[in-house]
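Data block below; observations after.
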Ligand code: SAH
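In the numbering used here, the protein residues as written are 1 to 236.
Structural data, given as structure tokens:
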């Protein structure tokens, strides 16, 4: 498996270009900072181990990985944007956090780390790869039996087009233009089917709902909406 075989170079180049801005809470990644406490709490609520071994796939600058590491988890985090990984390593070192950042795809890691992790997180990443199914299958492989996989992405629906793309990128400008392409968005049913096909049992879904008046998000457990997170358990 070639490291880059399931990566979209134009997508990676977009992240390369913003690599110095991952930790600017007013910059292009600001929405990830805003939702981070909510998604970290959701993820940690799915894992009932004191010091879980977690793999974060498509970790970006480490916004989520750092929060999980601070909670006591042991973190390996992978990405295919080199400058992004440099920013992540620099930030973790400056904050005294030990996170094992690696330049590799999860398909590649699965060849050497089968059954190694208690949990895998793959947030806001599946909608940027050519074959999300292959990423899900590799995430399943690196999990121990009974381990948890948590994915987040954006639904492919009219509402998602209006809210995430039209409003999010053009009207409210919460995200940089061109962040998301409609055809690459993923329906919750598709995600569940792909998980099932990879030996993952679906356990929970929740959505992040944005209120443009208060400019706040909240987590709606059980709800399938535009921005959703889904949790699976690897069959024993
Ligand atoms: N998960 C992080 C960052 C999301 S942005 C967060 O939610 O805070 C998407 C990230 O996925 C970018 O850093 C990009 O470089 C990475 N990425 C895109 N395709 C990838 C692939 N095939 N393998 C690994 N990382 C990838």
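Backbone N, C-alpha and C define an ideal beta-carbon position, used for all residues, glycine too.
What three-state label does DSSP hand residue i in the structure shown?
{"i": "residue 188", "result": "helix"}
{"i": "residue 145", "result": "strand"}
{"i": "residue 171", "result": "helix"}
{"i": "residue 14", "result": "helix"}
{"i": "residue 135", "result": "helix"}
{"i": "residue 34", "result": "helix"}
{"i": "residue 83", "result": "helix"}
{"i": "residue 114", "result": "coil"}
{"i": "residue 73", "result": "coil"}
{"i": "residue 102", "result": "strand"}
{"i": "residue 165", "result": "helix"}
{"i": "residue 5", "result": "coil"}
{"i": "residue 63", "result": "helix"}
{"i": "residue 43", "result": "helix"}
{"i": "residue 140", "result": "helix"}
{"i": "residue 125", "result": "coil"}
{"i": "residue 157", "result": "coil"}
{"i": "residue 55", "result": "strand"}
{"i": "residue 29", "result": "coil"}
Quick check: the Cα distance between residue i and residue j, rounded to an integer number of angstroms?
{"i": "residue 33", "j": "residue 112", "result": "32 angstroms"}
{"i": "residue 58", "j": "residue 91", "result": "16 angstroms"}
{"i": "residue 205", "j": "residue 147", "result": "17 angstroms"}
{"i": "residue 71", "j": "residue 37", "result": "12 angstroms"}
{"i": "residue 237", "j": "residue 13", "result": "For the chain, the structure presents residues 1 to 236; residue 237 sits outside this window and is missing."}
{"i": "residue 18", "j": "residue 134", "result": "26 angstroms"}
{"i": "residue 266", "j": "residue 214", "result": "Outside the shown range of the chain (1 to 236) lies residue 266, about which nothing can therefore be said."}
{"i": "residue 172", "j": "residue 115", "result": "43 angstroms"}
{"i": "residue 96", "j": "residue 158", "result": "44 angstroms"}
{"i": "residue 87", "j": "residue 175", "result": "20 angstroms"}
{"i": "residue 25", "j": "residue 62", "result": "13 angstroms"}
{"i": "residue 187", "j": "residue 229", "result": "11 angstroms"}
{"i": "residue 239", "j": "residue 94", "result": "Past the edges of the chain, shown from 1 to 236, lies residue 239, and the structure says nothing about it."}
{"i": "residue 220", "j": "residue 44", "result": "16 angstroms"}
{"i": "residue 170", "j": "residue 160", "result": "13 angstroms"}
{"i": "residue 56", "j": "residue 65", "result": "7 angstroms"}
{"i": "residue 75", "j": "residue 7", "result": "22 angstroms"}
{"i": "residue 233", "j": "residue 199", "result": "9 angstroms"}
{"i": "residue 89", "j": "residue 164", "result": "30 angstroms"}
{"i": "residue 217", "j": "residue 227", "result": "10 angstroms"}
{"i": "residue 67", "j": "residue 162", "result": "31 angstroms"}
{"i": "residue 23", "j": "residue 144", "result": "32 angstroms"}
>> Quick test of the definition: if touching needs 3 or more C-beta pairs under 8 angstroms, does the segment 151 to 160 touch the segment 113 to 125?
In response: yes
>> Would the segment 132 to 149 count as touching the segment 105 to 116 if we require 3 or more Cβ pairs under 8 angstroms?
In response: yes
>> Quick test of the definition: if touching needs 3 or more C-beta pairs under 8 angstroms, does the segment 23 to 31 touch the segment 44 to 51?
In response: no
>> Ignoring anything shorter than 4 residues, give me the alpha helix (DSSP H) runs that lie fully in the segment 192 to 226, in order along the chain.
In response: none
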